[in-house]
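Below is one structure, written out as structure tokens; the observations come after it.
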């Protein structure tokens, strides 16, 4: 109950063997996840080389996310990532079960950065809303009929993002750029799922207030 | 709501975030720094307790309490046989809400656990926060104390696993006894008992006595609650209360509850998930009076809550995520119960909206 029961873990063999055509995609993703899981379990079992693999596997996501939390203060992020991996290494000596290492590391990083920022700026707990989340977007490769249309689209987007609070930006980034589920976003930001939903609902409300919805939807549904 | 999500999808799937990437040189330098602070210094780090730092962090009050504990625990560790019952009431009592960090109380020291709320017993030692503390004798009395606002795991010497809820205390012998295994609980724990037919396992509270072979179950016995309960997930246990002659055998998905003021006993079928949801950071409320809800919130978050007496019997149902902030939780309750909160002089004041 408290631990990862071996009986709940499907055998590697059954995951890697495609049963039929339909499950090929699923198998592909499971295979990717398995190699992550394999690195993780090698690390958990005390394989020191695997620690470097864990580092290489997750450091990019941590860096990208971290840079947005600290408004580009690179040294602060580097220090925080250092602390996160040192903590991870120490944790490994214990029996704590980490089911989702990437999520776990992102969460620890967030806490570490907030701690460091609070110390540096003398902020209190409640001030988290004032910690900026700096993120910029560009249009992904999409065909537009004209340069004007593209410019218009970008302007709409700019308005949307400027209407968001810092935490709304963070939630959106975690979900769309890092691919976390809303449940994970909630857990990461120490909120309950309902609060994340409210957060998102409020940001959409603001968008609606700012833009005439019909125009807005027109722009985002064309192409 | 789904419309909202669709709207966001329609925007954000068309954009990608601009990323500043970690350059290779920094990547390498950062790794070298991490490796230097972990792999190479590992030996020294894990074997050297930071004694001086820990000492500095004690306040005068807790130091006094510590001395008391050390004396009593030390006394008992010399005066117990492997199978003799522990005289729990005599073991120094101080309460989880009075401490800030999780504590492992050993005969010769108190280990404050700050980083990793998980303690593991191995032959001859106990590991807390990555540090090994040697165990001189297998019948030393150890205490594991979890303050309000935290939960923690212990893996006992016999391999049994215990999740300890906020505001709870677990007392046991370092080696878990000879032919009889025994733990004492004040508060709430979930136990996954290692199966060993030859060494029956007993859980005691100040009023209950639960006998087990190998099984998973939840015991709840908080001093500030009238009812103590045992909820069985799997296996089989028998329960007795106070000095009753009779033992009651309960089956999986049954809850044995004992009212400590009128000595009423009930055994009923219950949705087990509700009783062990706290392990996943959830509080499941089924027509629960606000009085009860606020008491639990006080325990989980270690915050003081005051409320108008007219609210105490308002009942609410639902699922609360108690890993979110106390503000979020109070806000969620407010949505259901029609209350609002304000923070004043270190207390959360709840009033009707």
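Chains as they are written, first to last, in my numbering: chain A, 6 to 228; chain B, 267 to 619.
No residue lacks a Cβ here, since even glycine has one placed at the ideal position from N, Cα and C.
Predicted, not measured: the structure shown is a model, and the values here were computed from it.
Residues in the same chain with beta-carbon distance under 6 Å from residue 11/A, minus the five sequence neighbours each way, listed in chain order, please. Unreliable positioning characterises residue 11/A in this predicted model, as indicated by a pLDDT of 38, which lies under 50. The coordinate reading is nonetheless provided below. No residues qualify anywhere along the chain.
Taking a Cβ distance cut-off of 7 Å, strictly less, list which residues of the segment 135–167 of chain A are near chain B, in chain order. 140, 141, 142, 143, 144, 145, 147, 162, 165
Cβ of residue 582/B within 8 Å of any chain A Cβ: Judged by the 8 Å Cβ criterion, residue 582/B is not in contact with chain A.
Collapsed DSSP secondary structure at residue 488/B in the structure displayed: coil
Considering just the uninterrupted stretch of the beta strand (DSSP E) at residue 450/B, what are its terminal residues? 447–458
Give me the DSSP bridge partner(s) of residue 408/B. 438/B
If the criterion is Cβ atoms closer than 8 Å, does the pair residue 493/B and residue 483/B meet it? Not closer than 8 Å, so no.
Spatial distance of residue 390/B from residue 402/B (CA atoms): 7 Å
By how many angstroms is the C-alpha of residue 504/B removed from the C-alpha of residue 50/A? Taking the straight line from one Cα to the other gives about 38 Å.
What number of angstroms, rounded off, separates the C-alpha of residue 346/B from the C-alpha of residue 405/B? For residue 346/B, the predicted model reports a pLDDT of 36, less than 50, meaning its position is unreliable; a value from the coordinates is still stated below. Their Cα atoms are separated by approximately 7 Å.
If you follow the alpha helix (DSSP H) that residue 600/B is part of, which residue opens it and which one closes it? 592–603
Taking the C-alpha atoms as reference points, what is the distance between residue 141/A and residue 119/A? 21 Å
Less than 8 Å between CB atoms is the rule here; does residue 605/B satisfy it with respect to chain A? no
Output yes if chain B places a C-beta closer than 8 Å to the C-beta of residue 44/A; else output no. no
Within chain A, partners of residue 296/B - CB distance below 8 Å: Within chain A, the residues placing a beta-carbon under 8 Å from that of residue 296/B are 64, 83, 86, 87, ordered along the chain.
May I have the straight-line CA-CA distance separating residue 525/B from residue 279/B, to the nearest angstrom? 57 Å
Entirely enclosed alpha helix (DSSP H) segments - the segment 146–185 of chain A, minimum 4 residues: 152–167, 171–177
For residue 187/A and residue 370/B, the rounded distance between their alpha carbons: For residue 370/B and residue 187/A, the distance between alpha carbons rounds to 36 Å.
Ends of the alpha helix (DSSP H) at residue 366/B? Segment: none, residue 366/B is in no alpha helix (DSSP H) and carries neither H nor E.
Between the segment 104–129 of chain A and chain B, which residues of the former have CB atoms less than 9 Å from a CB of the latter, in chain order? none
Looking at the secondary structure, which residues open and close the alpha helix (DSSP H) in which residue 398/B lies? Counting along the chain, residue 398/B falls outside any alpha helix (DSSP H), though it belongs to the beta strand (DSSP E) covering 397–400.
Mind listing the chain B neighbours of residue 96/A? Cutoff is C-beta to C-beta under 7 Å, in chain order. 382
Under the assumption that residue 108/A contacts residue 175/A (Cβ atoms under 8 Å), give the Cβ distance between them as a whole number of angstroms. That belief does not hold up - the Cβ atoms of residue 108/A and residue 175/A are roughly 15 Å apart, past 8 Å.
What residues of chain B sit near residue 182/A, judged by a beta carbon separation below 9 Å? 278, 282, 283, 285
Mind listing the chain B neighbours of residue 276/A? Cutoff is C-beta to C-beta under 9 Å, in chain order. Only positions 6 to 228 of chain A appear in the structure, and residue 276/A is not among them; the question remains open.
So is residue 198/A in contact with chain B if we call contact Cβ pairs under 8 Å? yes
Which listed residue (580/B, 536/B, 575/B) has its alpha carbon closest to that of residue 555/B: 580/B
Check whether chain A comes within 8 Å of residue 587/B, counting only Cβ atoms and requiring the distance to be less than that. yes
Residue 575/B versus 558/B, 480/B, 587/B, 589/B, residue with shortest Cα-Cα distance: 558/B
What first and last residue would you give for the beta strand (DSSP E) that runs through residue 468/B? Per DSSP, the unbroken beta strand (DSSP E) holding residue 468/B starts and ends at 467–470.
Are the segment 469–481 of chain B and the segment 513–530 of chain B in contact at 8 Å, needing three or more beta carbon pairs? yes
I need the straight-line Cα distance from residue 304/B to residue 55/A, nearest angstrom please. 13 Å
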